[in-house]
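Chains as they are written, first to last, in the UniProt record's numbering: chain B, 1 to 327; chain D, 1 to 327.
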């Protein structure tokens, strides 16, 4: 089953989208918004699936689906936890600045709480005030959970993953060092997160989903040139069940919690990178300094993931960087 | 005007509460939930105020108000940013462990993104799995905003503060050092945040509200003994307008953003402390080691703030620490 939220008010309008992303039908009879569906997932899932099955079988006819009309699946969410699960990426960043990686980073998941009140859609502009802030993309895989009790085990965490998609965690690199030095995490440096047009139930991924991670390349294209297509199932030090277990250690997670993988990265980076920071780290390690600049106003970034037949699974994230001027 | 959310479903039921907190009336004709009211605040504020005025004038009769029936004003919120605005507290914590405070801490606000998907009510138990985690309270003042555009100035931030209350930011002290060492902020160490029974519009505070901070003592009582009543208007290095300006630097804040002051603390701590960590720091500085333990299962913490007549403004936070056992 594939679901999307069309732009409508603060929380979007939930629709069921055909497997090939060509058409959609309203899900209003089941739930007005994706959050409402997740709040009652045990009941709503089967009803939404029935609509999807009818749409796929041609029993009902859909309206043409346009990703431009999409908001984030959850235009505002109650909980957004972003991991840094590909530790090979963290190691590379540290190596570029001559720092060691603590051994604990391989056994203790690194996560931060992100801003979830203003997620943006797959085709929304990335609004930033200044290029001096070091504008970068981070291509990631994300899952959305139902209610997760405190103390949920890795084994039980698997059953709480209800939807899967991809995202762009926009990062302002030049604001990060100052924020990390304060130890309290990111704030100004992680302004916007954009999501794929649709999120899908795990069964849509077939063999590419083993219950814990997605084993497919994540494609990142900047101004028409592919900068990376690493496999999200490779070198994921902490899979989604481990991330859920980690963040639910001392408290419950409410339905609609969005969990990001962190920038997808494969050891050796032979298939390229999912963010410019990693490209620049590789350049620094090789040549002593980075040569690839961060993004400029007008730059376009595309993020996509394809099935075995080369069809897009989640639809394409396709965004332009634009200048924002405060009043 | 005073507002509360009675326990009801995931988002509570919005009610208007009398100034003396003795009675309430439903706000269902205006908005079912506080979030819904905040989403349309320009329209809903006057309507809610009309109900409040009628209740105060005796034109409508209310039902007996019981804080035990209260959930958090926003039982789940889209954005929770907690500051550490009383830098004198941060300085003390650092001094106790022999570390210097960077000069920038006096000019660059320290904030973290907190878990907002499961706020708890003023009389809810504090559920923790282990006393070994170092259970502590943090008494703070909080404000709730309407929509705040990116790049909002300190001056304009004032107009975006719509409601004021107090809170208990439950902290697991022994989990904090490991998390801060990773620089990504708090996660497991900040599980629950409890709020006062009512939140009030700024006019309810009279002269105690100057548009930027609350100048009244915040009382913290542990097992019947007052451990602190520092004045929240003293030594607040960054007021709420500065905190809003800081967090809105690179992005907008959506209506219903909750902003905490951080543990209230006055230089010299003559009026005591708002958390046990500060008590223990003072003991460490004086005697070389702390003697006050963190909280145990069964301990009770009360947090309250009073007007010039000695009446509670927001109602009392009154919680017991209980053990939580995962399934």
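We put the CB at the ideal spot given by N, CA and C, even for glycine.
At least 3 beta-carbon pairs within less than 8 Å: the segment 295-313 of chain B vs the segment 220-233 of chain B: Taking a cut-off of 8 Å on C-beta distances, the segment 295-313 of chain B touches the segment 220-233 of chain B, as three or more cross pairs fall below it.
Contact list for residue 247 of chain D against chain B, beta-carbon separation under 8 Å: Your numbering for residue 247 of chain D matches position 247 in the second chain. Result: 187, 188.
Secondary structure, alpha helix (DSSP H): runs of 4+ residues fully inside the UniProt domain "Fumarylacetoacetase N-terminal" (1-76) of chain D: Scanning the UniProt domain "Fumarylacetoacetase N-terminal" (1-76) of chain D from its first residue to its last, the whole alpha helix (DSSP H) runs of 4-plus residues come out as 34-39, 41-56.
Extent of the continuous alpha helix (DSSP H) run through residue 89 of chain D: The residue given as residue 89 of chain D occupies position 89 in the second chain. From DSSP, the alpha helix (DSSP H) with residue 89 of chain D extends over 87-96.
From B:103, B:98, B:6, B:265, residue whose alpha carbon lies closest to that of residue 228 of chain B: Residue mapping note: residue 228 of chain B aligns to position 228 of the first chain, counting from 1. The shortest C-alpha separation from residue 228 of chain B is found at B:265.
Nearest to residue 187 of chain B (by Cα), restricted to the options B:150, B:195, B:176: Taking the first residue of the first chain as position 1, residue 187 of chain B is located at position 187. Of B:150, B:195, B:176, the residue nearest in Cα terms is B:176.
Candidates B:86, B:26, B:24, B:245, of which the one nearest residue 268 of chain B by Cα: One-based indexing of the first chain puts residue 268 of chain B at position 268. Considering only alpha carbons, the answer is B:86.
Option in B:179, B:178, B:183, B:174 with minimal Cα separation from residue 178 of chain D: Translated into positions along the second chain, residue 178 of chain D becomes position 178. Among B:179, B:178, B:183, B:174, the Cα nearest to that of residue 178 of chain D is on B:183.
Coil, strand or helix - residue 174 of chain D by DSSP: Here residue 174 of chain D corresponds to residue number 174 of the second chain, with the count starting at 1. Looking at residue 174 of chain D - three-state DSSP - the assignment turns out to be helix.
Cβ-Cβ separation, residue 58 of chain D to residue 367 of chain D (assumed contact under 8 Å), whole Å: Beyond the ends of chain D as shown, which are 1 and 327, falls residue 367 of chain D; an answer cannot be given.
Extent of the continuous alpha helix (DSSP H) to which residue 242 of chain B belongs: Taking the first residue of the first chain as position 1, residue 242 of chain B is located at position 242. 240-247 is the extent of the alpha helix (DSSP H) around residue 242 of chain B.
Cβ-based neighbour list, residue 121 of chain D, same chain, cut-off 6 Å, excluding 5 preceding and 5 following: Your numbering for residue 121 of chain D matches position 121 in the second chain. Answer for residue 121 of chain D: 70, 71, 72, listed in chain order.
When D:20, D:19, D:14 are compared against residue 30 of chain D, the one with the closest alpha-carbon: Here residue 30 of chain D is taken as the residue at index 30 of the second chain, counted from 1. If we check each option's Cα against that of residue 30 of chain D, D:14 comes out closest.
is_contact[residue 257 of chain D, chain B] using C-beta, thresh 8 Å: Counting from 1 along the second chain, the entry for residue 257 of chain D is found at position 257. Yes - at least one Cβ of chain B is within 8 Å of the one on residue 257 of chain D.
Test: residue 106 of chain D CB closer than 8 Å to a CB of chain B: Numbered from 1 along the second chain, position 106 holds the residue referred to as residue 106 of chain D. Not one chain B Cβ lies under 8 Å of residue 106 of chain D.
Interface positions of the segment 113-124 of chain B facing chain D (Cβ-Cβ less than 9 Å), listed along the chain: Legend: CB atoms of the segment 113-124 of chain B lying less than 9 Å from CB atoms of chain D belong to residues 113, 114, 115, 116, 117, 118.
Contact under 8 Å by Cβ, residue 191 of chain D with residue 170 of chain D: Residue mapping note: residue 191 of chain D aligns to position 191 of the second chain, counting from 1. Residue mapping note: residue 170 of chain D aligns to position 170 of the second chain, counting from 1. Result yes, Cβ atoms of residue 191 of chain D and residue 170 of chain D sit closer than 8 Å.
Cβ neighbour criterion (16 or more within 10 Å) applied to residue 311 of chain B: Position 311 of the first chain, counted from the start, is the residue given in the question as residue 311 of chain B. Residue 311 of chain B should be labelled exposed.
Where residue 328 of chain B meets chain D, residues with beta-carbon distance less than 9 Å: Since the displayed chain B opens at 1 and closes at 327, residue 328 of chain B lies outside it and no answer follows.
Beta-bridge pairing of residue 184 of chain D - partner residues as DSSP gives them: Within the second chain, numbered from 1, the residue matching residue 184 of chain D stands at position 184. Note: residue 184 of chain D sits in a beta bridge opposite B:184.
Per-residue contacts from residue 39 of chain D into chain B (C-beta, under 8 Å): In the second chain, residue 39 of chain D corresponds to position 39, counting from 1. The contacting residues are 10.
Residue 209 of chain D (DSSP reduced to helix, strand or coil): As a position in the second chain, residue 209 of chain D is number 209, starting the count at 1. Shown here, residue 209 of chain D sits in a strand according to DSSP, grouped into three states.
Selection of the segment 14-46 of chain D by Cβ proximity to chain A, strictly under 8 Å: In summary, chain A is missing from the structure at hand, where the protein chains are B and D.
Cβ-based burial, residue 138 of chain D [other Cβ within 10 Å; buried from 16]: Within the second chain, the letter at position 138 stands for residue 138 of chain D. Residue 138 of chain D should be labelled buried.
Buried versus exposed, by CB contacts within 10 Å (16 or more), residue 325 of chain B: What you label residue 325 of chain B is simply residue 325 of the first chain in a count that begins at 1. By the 10 Å Cβ count, residue 325 of chain B comes out exposed.
Beta-carbon proximity list for residue 60 of chain B, same chain, < 8 Å, skipping 5 on both sides: For this step, residue 60 of chain B is matched to residue 60 along the first chain. The residues are 25, 51, 54.
Chain D residues whose Cβ lies nearer than 8 Å to that of residue 192 of chain B: On the first chain, position 192 is the one that residue 192 of chain B refers to. Those within 8 Å of residue 192 of chain B in chain D are 251.
beta-carbon residue 272 of chain D near the ligand ATP non-hydrogen atom, thresh 7 Å: Among the components modelled here there is no ligand, and therefore nothing to report on the ligand ATP.
Beta bridge counterpart(s) of residue 323 of chain D as assigned by DSSP: As a position in the second chain, residue 323 of chain D is number 323, starting the count at 1. Beta-bridge annotation (DSSP): residue 323 of chain D is paired with D:128.
Distance CB(residue 252 of chain B)-CB(residue 118 of chain D) smaller than 8 Å: Walking along the first chain from the start, residue 252 of chain B turns up at place 252. Walking along the second chain from the start, residue 118 of chain D turns up at place 118. Note that the C-beta distance between residue 252 of chain B and residue 118 of chain D is below 8 Å.
C-alpha distance - residue 270 of chain B paired with residue 279 of chain D, whole-angstrom precision: Along the first chain, read from residue 1 onward, the residue named residue 270 of chain B stands at position 270. Along the second chain, read from residue 1 onward, the residue named residue 279 of chain D stands at position 279. The straight-line gap from Cα to Cα measures roughly 54 Å.
C-alpha gap between residue 189 of chain D and residue 47 of chain B, whole angstroms: Working through the second chain from its first residue, we reach residue 189 of chain D at position 189. Working through the first chain from its first residue, we reach residue 47 of chain B at position 47. Cα to Cα, residue 189 of chain D sits roughly 38 Å from residue 47 of chain B.
The segment 75-90 of chain D: positions lying closer than 8 Å to chain B by Cβ: Under the 8 Å Cβ criterion, the segment 75-90 of chain D contributes 76, 77, 78, 79, 81, 84.
7 Å Cβ cut-off: residues of chain B touching residue 182 of chain D: Within the second chain, the letter at position 182 stands for residue 182 of chain D. What residue 182 of chain D touches in chain B: 110.
Where residue 80 of chain D sits in the DSSP three-state scheme: Translated into the one-based positions of the second chain, residue 80 of chain D becomes position 80. Three-state DSSP puts residue 80 of chain D in a strand.
Own chain, CB closer than 6 Å to residue 304 of chain D, minus 5 neighbours either side, in chain order: Position 304 of the second chain, counted from the start, is the residue given in the question as residue 304 of chain D. Cβ within range, chain order: 219, 312, 316.
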